[in-house]
Amino acid sequence: MTGRLRFMRSFSGAVGVTIVVFVVAVAIFGRYFAPYDPNVPVTAPLSPPSSHYWLGTDFLGRDVFSRLLYGGRSVITLAALATGLGYLIGMSVGLVAGFSRSRIDPVLMRSVDVMLAFPPLLFLLVLISGAGTGVQVLVIGVAVIQAPGISRIVRTATLEVSVRGYVEAAIARGERSYAVIVREVLPNIMAPVLVDSGLRFTYSILIIASVNFLGLGLQPPASDWALMISDNRQYIAIQAWAVLAPAAMIALLTIGINLTGDAIARSLGRSYVPKTARSAVI
Amino acid sequence: MTTVAEPRAADREVSPVLAFVGRRLLGAAVSLLVASVLIFIGTSVLPGNAASVVLGRGATPAAVQKLEKQMHLNKPLTTQYTNWLGGFVHGDLGDSSIGLAQGQKHAPVWALISDPVKNSLILALITALFMIPLSLGLGAIAAVYAGRPADHAISIMSLAAIALPEFVIGSLLVGVFFVWLDVLPPVAIIPPGQSPLSDPTKLILPVATLLLASLAAGIRMVRAGMVETLQAEYVMAARLNGLSERWVLWRYAMRNALAPSVQVLAQNLQWLIGGIIITETVFAYPGLGSLLVTAVGNRDLGVVQSVAMLIAVVYVMLNLVADLIVLLLVPKLREPA
Amino acid sequence: MSDPHNPRPETGIELFDHRISRGTLLRGAAGTMLGMSPLLAAACGGGSSSSTAGTGASTSAGTPVKGGTLRAGFVGGGTAETLNLYQGVTPIDESRAQNLFDPLLVVNPDLTTGPGLALEFNANADATEYEIKLRPGVEFHNGKTFGAEDVIYSMRLMAKSANFASVPFVAGINLKDLKAINATTVKVPLLYPDADLGANFVYWNTWMVQNGETDFTKPVGTGPFMFDTFKAGTQSTFKRNPNYWQTGKPYVDELLIQSIDDNNARLEALQSGQIDAMAQLPTADAKAHQATGDITVLVAKSPQAMMFYMDTTQAPFTDVRVRQAMKLIADRPALVASAINGFGSIGNDIVGKGLPFYDNSLPQRVQDIAQAKSLLKQAGQENLTVTLQTSPIFPGFVEAATLLAQQAKAAGVTINLKQVPPSSYYNPSALYLKMAFAETQWPPPSIKFFYLQALSSKAPYNETHWKNAAWNDLLFKAIGETDQATAQQTWNQVQEIQYNQGGYINWTNADWVDGLSTKVKGLEPHPAGVLGNYLFMNAWLSA
Amino acid sequence: MSDAPAPVVQVEGLSLGLTTGDPVVEDVSFTVGAGQILGLVGESGSGKTTTALALLGYTRRGVELRGGSVSISGQPILGQGISNLRNLRGKVVSYVPQDPGGALNPSLRVGDAVMDVLRAHRAGAASLESVKASLERVELGADPRLPRRYPHQLSGGQQQRVTIAMACVCDPPVAVLDEPTTGLDVITQDRILAELARLRDDDGMAMVYVSHDLAVVAKMADRIVVMYAGRVVESGPADEVIERPRHPYTRALVSAIPDFRRPRALRGIPGVSVGVGEWPSGCAFVPRCRYAIDRCSEALPELSAATPDHSVRCIRWRELASEGADPGDGRAAATAVEAEDEALLQVDHLEVEYRNGRRRNTVVHDVSFAIESGRCVALVGESGSGKTTIGRCLAGLHPPSGGRILFDGSELAAFARNRPLAARRRIQIVFQNPFESLNPRHKVSSSIERPLRVLRGLSQGEARTEVGELLDRAKLPRRVGDRFPIELSGGERQRVAIARALAAKPDLLICDEVTSALDVSVQAAVLELLSELQRDLRLSMLFITHNLGVVACVADSVLVMDRGSLRESGTVAQVLNTPADEYTQRLLSAAPCLPDGAYS
C-alpha cells in the first residue's frame, strides 16, 4: 500500500477527500443544474427561501441558489492560480537558496525575511490602489504574498535532501545542477512541501474574500462566493442565507482540504504539519 | 581515575548571547531599511501625479504647484526618501498630504494617528493575552490526546474558524450576541481621547472575532510542535526513569515544544496587526486599520508611508522579541558547546 | 451678454446615500469624495414632487424637551474631513457646516426660500445689480455682530481658487465693486443679468463667515451650535449657541457627529443606542425596518436625479433616433422598485423635478419596445451592441445598469456591462467625460445651475457633449428673463429640446433615506438634504 | 563463573505482539543473578529491544503484552498499574538509553536531570549531595561545574556517564542497557564498558545488556541469550556460547564477526532476516540455514538443553556438535605488491577546511598517500578524524584548500563537474547510509542505468541489458530491478549502490563506511562481495572505516588518521600486529574482539 493511498484509509482523510470532491464538483458542474440565470433578478430583493428559490434571493433579487452553483468556479480558479503562482516563485527561490549553499542563500533569505516583515494586506492595498483592481493584479498580489513563506519551507527541505547519498552521487557524476535539482531533489521535497498547500489554498481564498470585502477585489455583477459574502454581508439580519450559503461552501472547502492535507501528512509517517502558521503566510 | 577528555574549550571572545542579539538587531535594522525602501517606492509609484490626485477636483495648476512644493515632490526621489526616513527615525512622521491639500501649513501625521495607534495596540494586546495561553493550552491538549476525541474536536473547531473570513465571523457573532441575544454591543465606537478600556463590553466581540480567526493557526502549530517532542527519546527515557506523567509532560515535552511555538505565535501576532483592518471596519473600531484603508483610498501618501513603516517596525520588533524568548528557552543558543 | 466661463467644480454630484455599504470608505466615498463636491442647495419655489413609495414618517408630535446630546452617525471621510465649508465635500462636512454657520437665504420644506441672514434680495430693473438687506442684531459665537463687511469678505473668500466648492456660486458677481452701503445693506453688481441670484446663496458652500476668518481649525459662525472639538475621520462635538438669532433653539445642549464608514456598523450603532440618528440608511434595510418599526425610517423626496447618459458625439449615439430608442427601452418603475427598493419617484429625462421653472407639462415617458425597435430600424441599428460603464459609486447604479441590460434584450439591444472602480469614475484625468454610455447623478440647487454646468456651451461637465448654439442662446435668455411668465415659457422650450434630443435618461429622482432612534423628535423629512436637511436645531430627545 | 546466585531477574514465557496481531516476541525466558550481566544478542528485527523494554513494563506504541511474567527481585513487573509501575522504574529496574545525546533533556542542566530521578523516588531525601555522589560514582565528580552544564556542552562519553548515573542514583538492583556504547568511539566505549563492569563487581548490580555487537557482549556478559525472529535460539554461559555455539545461526554470527587479531575470510549469512509478520511455521532460520532439512520447517523446534546450563532451539544440534568448525579458508596473505607500477592515485600534502560563517577549522592537515591499482587501502580513524572528508575530496564533492590529488598522473580538479568525463567515470563512491544512498522516487534499474547513460554514453537498450549483469554481479535477483528502494533491506540497498558504482566500470572505488550501518551478518556478505569484486575486476579501493576488524578482512594496507593528521601507514600485518604509533596502540587495545578460543 503506497503512501498515497494509505491516507485515504484514515477516517479523516476519507471524509476530507469526499468533501473536497463534492465542493469542486459543485463549483465545476453546478452551473448546469442552476434553475435560474444567476444575473437576472427573479423576484423582490432579499426575499426568504421559498419553494421556487430554495435559498431565497440576494440584495438585487437574484436567485442565491443559482448564483451559488455558478459562484464556485472563479473562487477556486483564482485561489488555485494565486497559490500555484506563489508556489512557482517560492519553489524556485527556495531551491536556489537551499541547493546553491553559496552567497546567494543568505541574500535570498534576508529578502524573504523583509518580505515577511511587510504587512501583506497593506501590500495588497497599495498594489491594488496603484495598479487597479484587475483580476491579474489580485492573483499576482496574493501569489507574491504567499511566495516568501513557501520559499522558506522549500529551502529547509532542499537543505535536508541535498546532503543525501543519491544527490551527492549525482553531483559526483558531474551532472549539471539543473538536472540534479529536477531529477534528484525536487521529487523528494514535493511531499513535505505540498502538505501545507491546503492551508495556503484556503488562505488565498480568504485574502481574496477580504479584499472583496474592502471593495477592491472582484467587481459585480460576477457571481463568486467570496463576492456574494461581501455583497450581502450587511443584509445578514434580513436574509442570512445570501451570506451563509457561500460562506458554508468556502468553509466546507477549507475543512475538506485541510483534513486531506493532515491525513497526507500523517501517512508520510511524520506528523509533518508544516510550521507555517496562517500568519506565517502573512 | 582520570576523567574523560576535557569538554571542548568554549570560545570566549564575545559572550554568545550578545553576539546572537547583535546579529538579530543588525538583521532587524537591515530588514527595516529595505522595508522602508519598499514602502516608499510602493507608495510613490502610484500612477498619476500624486499632488493632483490628492487635490481631486480642486487640482488647479496653481494648487498642484503649491502642494507639490509642500510635499517636496519636486525634489528628486532620493532626497524625498532620505528626508522622510530621517524624519521617521526622529519620530517626525511628516505631514498628511490631504491635510496639506486642505491648505493647512502643517498637518502632522502623528496627531492624526496617535489615537488609532493606541486603540489598535490595546485591541492587539488584549487579543494576544488570550491567544497565547489558549493556543499553548489547547495545542498541548490536542497533542497529548492525539487521535482521540478531544484532538478531533479541537482540530475541527480550529479548521472551521480558519475557513471563515473575519468579517463573516464578525457578522455571525453580532448576529448571535446582538440581534438574537442582545447582550453585547455590536459596534465599538470609542470617542477620541477616551481609552477603549473605559468600556470593555464594547471590546468583547472584536476581540472574540480576532481570537477565533487567529487561534486556529496557533493551535495547529503548537500541536505539531508538541506531537514531535512527545515522540522524542528524552520523553521515553524520562518515563522509563519513573518520572510522573504530569512532570514529564510539563518539564520535558512542553518545555522543549515552547521554543518553536513562540516563533509561530509571534507570526500569529504579526498577522493580528494586519488582520485587524477587517475587524476594525466591521465593528467601526477607531483603530489604525480603518484609518490606513481610507488613507490608501485617498492616496494620502504622508499617512500611508508613515503608518506602513510603523506597522513594519512593530512587525520586526515582534520577531526580535520572539527570537529573544527563544534564546532564553533554548540553552544551546545561549551557551555554545 | 458674456458667458460664464468659470471652472465648475463637479458640484453637480452630491455624495450622499452612496454605496459605502460595501464596508469601507475606500470603495466609493474616497473616490467620489475626491472626485466631486456635493452641491445640494434648496431650490426656491416649485411645488413638491409626487412620490410613489415610502412616505416620510413625521416626528414632530409633543412639546420639545430641552437638554441632552444628539449623536448623529455619518459616513466618515477619513483624513479628508474638513471644517472649511468652502472646501467641504461630504455629507459629514455639510452636517458640521450647516450647524456652525447660517445662510443668507434658508430653504423651506417645500423648496421655496425664506429669509436667513438676508431679509431681502432686491434686483434692479435689468437684473444686473442686487441690493441685499441683512438681518440686524445677529451675533457671531465670539460676540461680534454680523454685518455687511462679513458678507463682502465671505463672497471674496468664496472666489479664491483653493475654495473650489464655493467658486461657481460667486462666478457671476463683480467682486471688485462690492460695496457696503451701510452696516446692514450690501450692493452686489453682476457680470451678466441673473433674475434669481438668491438661488446661489442657499447652498451650504456659500454660508457666511466672519470678516478675516482664514484658519478653519477653530471656526466661528453664527449658527445654532458652537465649535468644541474635531478629530478628522473620528468624531466632532459642538455646544449649544445660547444667543442664537432663532430664539429658543437649539433644544439639545450638545451635538456629536460620529464618523462610521460601514453601513452595517452604523445601523447597529443606531439599534444599540450608541448613536441617535444615522444618515444614509441602505434602502433594503430601510424597507425591513419600516416593517419592524424598531427605528424611525426618515424618507424625504428630493430633486436628486439618477441618470444614464449618452455622449451625443460618439457613435451610435450621434443619431437622435438611437437616443430616443434607448429612452423608450428603460422600464423606469421596475428600475426604481429593484435598484433602490422603491425609494424614489419616476424620472422623466429632464432634471430638477420640484424645482422652480421645471416643465411639469411634458408627458411622462414610459417603456415602448415596439417604438424603440422601429426607431432603431430607421437608424439602421437593429441588434445594436453597446457598452455601459457603471460603478458602485452610488447605491443603485450597478443594480440599475444590470436591470437595464436585461430590459434592453427585449428590443434586440445588447448592453455589455463594464464596471470601473469609483476612484476613476468621476476623475477627469481617468474616465470622466470620456465615456460614451455611463451613469451619473445630479442633485442641482436649481435647473439654471444644472444647465449651466452640464449643457451650456462652456459647461465644465458636459457629460453628453451637447453643443447647440441656438439652444445656448435660448438658455441665457431664460436665465436673464425677469418676467416670471416669459421666463417659465422660455425654460419650457429649453427643457423640451433636451427631453426630445438630449443624451440623458433620468429614470428616478431618489429619496433621502435615513434612520432615527424613536427617542429623536423634531426632525422633518426635507427634500434639500439628509436627516431633515441637517436642521439639528429643531431636534429634541423625548424621554 | 560463580555458581548461579539467587536470580534477581526472572522472565518466564514472555510474549509480545503488534496490536494488529502479528507476534513480535514469543516465549522468551531467562534469569539474571545479582552481580551478573546477561547479554541479549540479536540482529535488527530480532525483538531484543522490545524484550528489554518489557523488563521495565514499557511497550512502544502499537505493541501489546501477550503473556508471560517478569519479576525483578521478587516484584512482578507486568500487569502493574501505572502508578506503582512508575515507582518500580528507576528504583527496582532502571534504563540506560542507546543515544545519550537524544535521551537527555536538552533544556535541563544535567544535575537537575539526576535530581529529577531522585525526586521521583525519594521525595524527601533528594539532595545535592546525593546527586554529586552519584556523578562521582561514574567519575564525573572532578569538575564541580559539571552539574550546571547542559547536555550539548558534554562529550558523548560524558553524556552516557550521566545517563548511567541517572540509572544508578536510586541503587536499583537491575539495569537494562540498550546498546549503550554504539554511538561512541572505541576508546570511550572501552572506558564505559570498564565503568559498567565496576558497577557489577562493586555494587553487585545485575544488568541486561542488549546489543547486536557480539564482540562487546562476549567481553562483558556472564551469560548470553541469542535471539532470532522474536525467539530465543540459544542461551548459555558466555564463553561456552562463543567457543562452542550449538545453533547454526549463532555459529554463522560468530564467524561473521571480523576480528583484527586473526584476519580470516568472512562468510556472511545469505538472505535477509525474517521481518515481523513474516514468521514461517517451523524454525525461522530455515531460509538462511546451511544445515536446514525438511523436518526443520515442519514444526517449531523446542529449546532443548545441550548441557544443564546451555540450551539451543535446533533439532540437529547434536549432529552439528560433532562436526566441529568447518575449515574457513584462511585469508590469502596480502598479495605482494607487483612490480612497483606507477600509483593509480597520488595524494600530496592534502589540506582541507570547513567554513561556517567567518570561522574556518582545518579538518585534514598535510596528508599524503598513494593507492596502486588493484590494491585495497583502508583509511581508519574515529569520527571527526577527517577520513570521510578525504573520501569526499577524492570524489570531487568537497574542494581541498591545499595540496594536490593526482589520478593516473594528471591533477584532478576540485569539483567533479570540472573533471574530464574519464576521471568522473573511473572514480566512483559508495556512501554509508543505505537508506539514503538510492533515490526513493526512482526504481532500482533506473538508478543503475543513470551512470551507464551519463558516464558511458550507452543507449537505452544497451543500458537495460547491462543492468541485469550488474545485479547478478552484486548477487541480487534480477527482479530487484523494477522494485523501489523502500521495498529492499539495508544490505540489498547497499549492494544496489555498489552495482551502480560498478556500472561506470571504475578503476578506483571509494567505500565510505559502507558496512557500519548494517547488521553483522549482512556486513560480512557485503565485505565478501567487495573482496571478490576487487579480485575479479582488479579494482583499487579506498575503504574508509572505524572498525579495525573489517580492515583486517578487506584491506591490503592501512592508513591511521587521528584528528586530521596521518598517524601511521603500512601493510595490514605491520600496523595491526606491530603498531608503531602510540595512538594506534591505544586504538588496538581498546577495540573489542572475540576471545581467542572463539568459534571461527
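Chains as they are written, first to last, in our numbering: chain A, 1 to 282; chain B, 283 to 619; chain C, 620 to 1162; chain D, 1163 to 1762. By construction, the Cβ of each residue, glycine as well, lies at the ideal position given by its N, Cα and C atoms. If you're wondering where the values come from, they're calculated on a predicted model, not measured in any experiment.
Beta-carbon proximity of residue i to residue j, cut-off 7 Å
i                      : j                      : result
residue 732 (chain C)  : residue 821 (chain C)  : yes
residue 620 (chain B)  : residue 122 (chain A)  : The shown model of chain B, from 283 to 619, leaves out residue 620 (chain B), and the question about it has no answer.
residue 1225 (chain D) : residue 1209 (chain D) : no
residue 949 (chain C)  : residue 1126 (chain C) : yes
residue 15 (chain A)   : residue 259 (chain A)  : yes
residue 1006 (chain C) : residue 1016 (chain C) : no
residue 1474 (chain D) : residue 1483 (chain D) : no
residue 1230 (chain D) : residue 1177 (chain D) : yes
residue 746 (chain C)  : residue 818 (chain C)  : no
Residue i beta carbon near the ligand COA (any heavy atom closer than 6 Å)
i                      : result
residue 1196 (chain D) : Here there are no bound small molecules, and the ligand COA is not part of this structure.
Neighbour flag for residue i against chain C, beta carbons, 7 Å
i                     : result
residue 576 (chain B) : yes
residue 70 (chain A)  : no
residue 211 (chain A) : no
Any chain B beta carbon closer than 7 Å to residue i
i                      : result
residue 1698 (chain D) : no
residue 1278 (chain D) : yes
residue 11 (chain A)   : no
residue 1264 (chain D) : yes
Residue from the options whose Cα sits closest to the Cα of residue i
i                      : options                       : result
residue 1168 (chain C) : C:1102, C:838, C:1062, C:1066 : What is shown of chain C runs 620 to 1162, which leaves residue 1168 (chain C) out entirely.
residue 429 (chain B)  : B:509, B:302, B:543, B:558    : B:509
residue 1081 (chain C) : C:1090, C:1015, C:1069        : C:1069
residue 204 (chain A)  : A:83, A:26, A:50              : A:83
residue 50 (chain A)   : A:64, A:37, A:163             : A:64
residue 1064 (chain C) : C:835, C:823, C:1053, C:1089  : C:823
Closer than 8 Å at the beta carbon, the chain B residues around residue i
i                      : result
residue 687 (chain C)  : Correct list: empty, because the minimum Cβ distance to chain B is about 16 Å.
residue 1282 (chain D) : 523, 524, 525, 526, 529
Cutoff 7 Å: residue i Cβ touching any chain A Cβ
i                      : result
residue 957 (chain C)  : yes
residue 1502 (chain D) : Below a pLDDT of 50, predicted positions are generally treated as unreliable, and residue 1502 (chain D), at 49, falls in that range; the measurement from the model is reported next regardless. So no, residue 1502 (chain D) is outside the interface.
residue 1558 (chain D) : yes
residue 1111 (chain D) : Because chain D in this structure spans residues 1163 to 1762, residue 1111 (chain D) falls outside the shown range and cannot be described.
Chain D contact for residue i (CB, 7 Å cutoff)
i                     : result
residue 562 (chain B) : no
Interface partners of residue i on chain D, CB under 7 Å
i                     : result
residue 534 (chain B) : 1267
residue 394 (chain B) : None at all; the shortest Cβ gap to chain D is about 45 Å.
Checklist entry - Mind listing which residues of the stretch 1007-1030 of chain C have their C-beta closer than 8 Å to chain A's C-betas, in chain order? => result 1011, 1017, 1018, 1021, 1022, 1025
Item to check | Contact residues within the stretch 870-889 of chain C, judged by C-beta distance below 7 Å to chain A | outcome: 882, 883
Item to check | Residues in the stretch 1587-1613 of chain D having any Cβ partner in chain A nearer than 7 Å | outcome: 1591, 1593, 1595, 1598, 1599, 1600, 1601, 1602, 1603, 1613
Checklist entry - Of the residues that make up the stretch 1115-1142 of chain C, which ones have a beta carbon closer than 9 Å to any beta carbon in chain B? => result none
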